[in-house]
Each structure stands twice: as structure tokens, then as C-alpha cells.
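Input: a single structure, listed below in C-alpha cells.
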Amino acid sequence: MNSKYPNLLSPGTIGSLEIRNKTVMCAMGMSQSDQGFVNQAVINHYAERAKGGIGLIMVEVTCVDAPVGLNTSRMLVIDDDKYIPGMAKLADAIHQHGAKCLLQISHTGRGSRRAVTGHQPVAPSAVAMPYSFMMGLSNEEPRALTIEEIHEIEDKYAQAAVRAKKAGFDGIELHSVGYYMGQQFLSSTANIRTDEYGGNPENRVRFHLNIIRKIKELCGKDFTVAVKLSAVEQGEDAGITMQDGMYYAKRFQEEGVDALEVLAGTWKKEASMEDIPDSGSPKGQAIGLCMALKMGIQQMTGKPAAIKMIGGGRAQDPAVAEAALASGQCDFIFIGKGVLVQPDLVNLIEQDREEEIRPCLGCGVCIDVQLQDGACARCSGNAVLGNGDNDYTIPPAQKSKKVIVVGGGVAGVEAARIAAVRGHQVSLYEKADKIGGQIFYAAAPPHKENMAPLIPYLEHQLEVKHVDVHLNEEITPEKILELKPDAVVCATGVLPSTLPIPGFSRTINAKEVLDGKETGEQIVIIGGGSVGCETAEYLAEKGKKVTVIEMLDTMAEKMVNVARTILMGHLKGLGVTLLTSCKCLEITDSSVACQDKEGTVHTIPADTVVAAVGDKAGNALYRALEGKVPELYNIGDSAKPDSIAASVSQGYYCGLGL
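For the sequence shown, the working numbering begins at 466 and goes up steadily by one.
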């Protein structure tokens, strides 16, 4: 065991469960089921994390009342005994690798979509979802549940727990976070009932307490029950105060709940970093809430809290986790995206191989993709996640080949890494003096600092996989042919695009700005995609007056919804002027002329004009080598400028195919 983290890696208990360490994989919807049934993709997904060393797995949100309670059409379901055999295979696969597992059970409530369920959403009250960063969720006004219907749903939760126990799960977790029914009952803005289920905290928690009592009665007191709780809500539609959260925690303890997984909730029209964990969120951001609940319970009962607190929020850094446990702020650490991107994260910590942990970028792709109904969750750093059966097998090559990879961005490094793992002799050539490619620019804007650790990870991967790296070397087609490789992988990146606008030559490229090039004080950015908007934030935080001109109706249209919502809030707060449906006509030494959709021409003063008009594939090397080498591949941005996720995926599967 790694002696640096004695608290994190030592065993712990939750209720009657003995857990091999204090790590918990929190439940995250993957949308991988087949009509609610567990399939091989679901089994492989969780088995891989159990094999990777996690102590306790909270299996993703599972519907107790389909179809009306569904989130997506591929959500897991447990409202009928027909789902038990698949669930049993899943629990067994997790147990085979030494982890314990709880099944998170839930009803989506007002967040469900008629397009998925065929029904009007139902909820504690007829209060529609406020605007949310979770684009695609329903904002249809729900129908308020009757008392009889609430009792029926309580029974459905209890019966779901019975099925989970029959399937071999060690317990269940009640989902009371986000836009799900559990949180809706607890929130005074979502629950405006005046009967026994609303009006005060005592009544708003009744739904949960009835469910817990029924589960304890049907499954026994030793069947572990946890609650995932929004301890507090933030924003103009907030309905759970910190005092409410403390009261709920106390009542859950009194009813025999074994653990609370603690988060904060938010309903803001314009979200901020504090509301939604992203690439700039602080590590362990929700851990302090655990301590607040502990203190609240002690103040109300006069005794130290007995219920176990599970804290986290970008807590995959073992030093952060260890400090939280050592100080008593929480009793276990939940890790989410960290084990999506690196399934064997805990094993790597135990083996003192932390430098081999691929960092989570906090990009939001995993959230965004799975909310598109029918789409499995994906990951920018893990090409396997959500791809087919989630098969992480990397078979050895039948024959070792001499492989040349050109380009040290994420696509090239991933291809080199996988090819080397398979037994090929790999050389990588990069014309710059360092590995990383576009990541240097992606990590430069404000709140994108968590992108930067990807670079040393890539460098270390090339080292431990024994890839022969050549920096500061722009290899030519002639040199490649002299080396007589069996295969060449071109990952040569992009070239900046230009526009046929008078005066465009006066612009500087956004990447030059992000690389530190000096600008004036009045700046116009041509192009309002993700790069243009992030560059605008970068400059506005330096006190510059910034205007962004975009031809489309929406700024950063292709950006991940979570990140886009945060970024738009930041730009508004910084006073950045955003002009959509606007065409740039001319650039002079002192201004930019543009035309809006009504045809009106505007002249905007500018002492610096920044071009953020996209890139084009830098594929000259690939074209020069076509038909001249035995195997030739073109991947990443040199094939088509796209996202980090696309580059990693192409690199991974190129490496597998060599």
C-alpha cells in the first residue's frame, strides 16, 4: 500500500458493509442499457472500475417507475422482476473484483421529457423546471401528484430496493440531487404543497422517510441505505437552505440511513463555476459541506454525527482526498469523472504510479452527450467509454511493426501509446520543442487550468511505453521514406483559416493571443465559436474592452452545453459585447465594419483585431506520402479539425488497428 495515503487506502465501514478502501465511485448516468436492461456494455463498464480498485460502486441512476420516471430511453430500470437477472450479473461482476455495490434508485419527476416517456411529467407540485445548464431537459409544466400517487411511488422505491437485494446488491442509494424527484420534494421552490408533503422541512422530507422505513421493513436493517443529498441549493430558484440540509441529515440519521453522499444543487439562469464542476472548479469542492452537516447534526443532537459522510467533487487527486479524510471533514471520498477517464485510478494510487493517472479535463462531454436521448456517455480522455461493449482489451500485435507517428498532439501521442503497448517499435516526431499540440492553447483561457496536467501525462506515457521521441524535428517525406517504416501515422494538426475580408491581413490569430502576444485595449474578435469566446474571456479578464462578432445566431454553438452556459455567464459579467448574426465587412487600422441581419452597418473602434475563424487540416505530409508507404493513416485535426475527444478516439483506434 502507498504509505502516503494511509486514510484513503485503509478499509472502512458503511453500515454493515466492510469496504476495502475509502473510495466511492459515485453514480453517473451512462445511458447504455437496452430498453432498461443490463447488457454487456453496462457489466464491462462497472467491472472495469471494480477491477481498478474502487472500494464501493454506486451503480448509476435506475428508474423505479418506467416510462413516466425515465430520464433517457437508455436509463436502467428496476420496476419489474424481469430486470433482476441482468442486475444480478452486474452485481456479481462487481463483487468478483472485490468491490461492494449499491444501486442508485430514482424517479426523474419534472425533469422527464415527453419525447422520451410519452407522458406529461409528474412532480410534487405543478412547477416547471427552471432554466438549467442541462440542455434538453423538460421545462414542461408537470402535473402535481396526488397523495395516492405519492404513496404508490414510495412503494415503487421500496420494491426496487427489494429487487436490488434479490439481485445481490449490498444496498441502495436514494437519489436526491439535481433535477430528480428526490430533490424536488426537499426543495421549497419545487415543492409548494400545503398538505402533509409540503410547507416545511418536516413535511418535505416525509417522502424520503416513508421510503426508508419501507425499505428497512422489507429488506432488513442490515441492508445498506444511503442518500445522495443536495445539502444546499444556490441561485434565484434555490429552495434548500443550509439549515434545511442539516435538518434533513439529522432526520436521515435518525431513520437509520448509513451514509450521505453530499453535494450542492443549483437553479440559476446563468450558472457559474461554483455551481457546475468544470475544468476550472476547485478540487474537492463539495467536501466542506460534509463537515457542515456533521457540525449541524452535533448541534441539534448534542452528539457527534454517526452517519457516514461521503464527500468529493473533482477529488481524484489523492492528496486532496487524504487531507479531507485525515482532518475528519468526511469519512469516504466519492470520485466520478476521475474513474471514467482512468478506470484503474485507485490501483495506480496504491502502486505509487500517480504520474500514470490520466487527468479529467472537466470538459463536460460526459454530461452533455448522455443527455442527447439515445446517446451513451462519452469521455474526451477515454476512447473506450460508451463505445460498443466498453471492451478495454488491448491485444498484442501479431507482428511487431516499425511505426512512425508524426505529430505530438493528443491524437499522435494516443496512437503512439497504444501501438507501443501492443508491441510495435514506435518513433514519434514533433516539430515543436514539447509535446501537447493544441492543449497549450486549450489550457490558456481562464478556468481551464485543469487542462494543463494532460501535458505531463502525455510526456510520461511516451516515456513508460518506450516510444522513441524526436522533438524539434520536422520530419520530411523523404526522410520518412529513407527510414522504411511499415506504417506511418500522420497527426500533423491544423493550419489557421483565413477569410476573404478586406484588411484581414491586419488580424492576429487567437492562438497567438493565448500564447501571450500583446494586444491593444480595444479589441474586436472575428468569430464567436468556442475559441473566440474563450479568447474574449481571457482578454476581458486583463481589463481589455472586447467585442465578439459572430455570423451565426448563437455564440459558441458547438461548445459543450455545460461549459457554454458557464462561459456565457462569465462574458456577461465581464462586460464583453456579443454581436450575433453579424457579418464582418472590412478591417482597418482603427476599426472593424460589420453588418447585422437587418442590414445596418456598424463601425466598431479597434486597435487590435483577433481572428478566431477556425482551422483547416494540415495534411500536406499525408498527401505527400499517399501510395508510397505500406500503411498510411491520417488522424486527429490533420484529418478534420475537431474536438479533443475525437482526436483521442481516433488515436486510440488507430493504435489498435496497426
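Ideal Cβ placement from N, Cα and C applies to all residues, glycine included.
Model, not experiment: these values are computed from the prediction.
Asked                                                                                                                                                                        : Found
Quick check: the Cα distance between R517 and D854, rounded to an integer number of angstroms?                                                                               : A quick correction: the sequence has Gly, not Arg, at residue 517. Those two C-alpha atoms are separated by around 18 Å.
Indicate the three-state DSSP secondary structure (helix, strand or coil) for L927 in the structure shown.                                                                   : helix
Take the Cβ of P476 as the centre, count every other Cβ of all protein chains shown within 10 Å, and call the residue buried at 16 or more, exposed below.                   : exposed
What residue range does the beta strand (DSSP E) around E1051 cover?                                                                                                         : 1048 to 1052
Of the choices S538, R578, N486, A506, whose alpha-carbon is the least far from that of I522?                                                                                : N486
Should the region 1064 to 1080 be called in touch with the region 917 to 926, which here means at least 3 C-beta pairs below 8 Å?                                            : no
Report the option in E682, G685, S652, L683 whose CA atom is closest to the CA atom of R671.                                                                                 : S652
Which of helix, strand or coil does DSSP assign to M760?                                                                                                                     : helix
Is the beta carbon of P424 sitting closer than 8 Å to the one on E525?                                                                                                       : Because residue 424 is not part of the residues shown, which for the chain are 466 to 1123, the question remains open.
Could you work out which residue in H510, D544, G968 is closest to T1073 when comparing CA atoms only?                                                                       : G968
Would you kindly work out how many angstroms separate the C-alpha atoms of Y1098 and Q569, rounded to a whole number?                                                        : 43 Å
Quick one: which unbroken alpha helix (DSSP H) runs of 4-plus residues sit fully inside the region 822 to 852? Chain order, please.                                          : 830 to 835
Taking the Cβ atom as the reference point for each residue, do D530 and D546 lie within a distance shorter than 8 Å?                                                         : no
Could you check which residue in T1000, L1004, L1039, E1006 has the C-alpha nearest to that of A1021?                                                                        : T1000
Grouping DSSP H, G and I as helix and E and B as strand, with all else coil, what is E1096?                                                                                  : strand
Throw me the rounded Cβ distance for the S571 and N656 pair, which I believe falls under 8 Å.                                                                                : No, S571 and N656 are not in contact; Cβ-Cβ is about 16 Å, not under 8 Å.
Does the Cβ of F598 have 16 or more other Cβ atoms within 10 Å, making it buried, or fewer, making it exposed?                                                               : Unreliable placement is indicated for F598, whose pLDDT of 48 sits below 50; no coordinate value is reported for it.
State buried or exposed for I612, treating a residue as buried only when at least 16 other CB atoms are found within 10 Å of its CB.                                         : exposed
P1070 lies in the beta strand (DSSP E); which residues open and close that run?                                                                                              : 1066 to 1070
Using CA atoms only, rank isn't needed, just tell me which of V690, I680, E726, I637 is closest to M774.                                                                     : E726
Leaving aside the five residues before and after T582 along the sequence, list all residues of the same chain whose C-beta is less than 6 Å from its C-beta, in chain order. : P532, V533, L535
Identify every residue that forms a DSSP beta bridge with P783.                                                                                                              : According to DSSP, which records beta bridges pairwise, P783 is partnered with nothing at all.
What do you get for A736, buried or exposed, if any count of 16 or more other CB atoms within 10 angstroms of its CB means buried?                                           : Confidence at A736 is low in this model, with a pLDDT of 47, below 50, so its placement is unreliable and the value that follows should be read with caution. Per the 10 Å Cβ criterion, buried.
Leaving out five residues on either side along the sequence, give the residues of the same chain with a beta carbon under 6 Å from the beta carbon of A840.                  : V834
CB-CB under 7 Å to I1009, same chain, minus the five flanking residues each way: which ones, in chain order?                                                                 : In the sequence under discussion, the amino acid at residue 1009 is Lys, which differs from the Ile named in the question. Counting only Cβ-Cβ distances below 7 Å, and skipping sequence neighbours, we find T984, E986, I988.
Buried or exposed: where does N665 fall if 16 or more other Cβ atoms within 10 Å of its Cβ makes it buried?                                                                  : exposed
Give the C-beta separation of G704 and R779 to the nearest angstrom, bearing in mind that I take them to be a contact with Cβ-Cβ under 8 Å.                                  : That pair is no contact at about 25 Å.
Look at the Cβ atom of A1125, then the Cβ atom of V870, and state whether they are nearer than 8 Å.                                                                          : It is not possible to answer for residue 1125, since the shown part of the chain is limited to 466 through 1123.
Does the Cβ of P471 have 16 or more other Cβ atoms within 10 Å, making it buried, or fewer, making it exposed?                                                               : exposed
Given a cut-off of 8 Å on the beta-carbon distance, is the pair H889 and L1123 in contact?                                                                                   : yes
Terminal residues of the continuous alpha helix (DSSP H) containing S1114?                                                                                                   : 1109 to 1122
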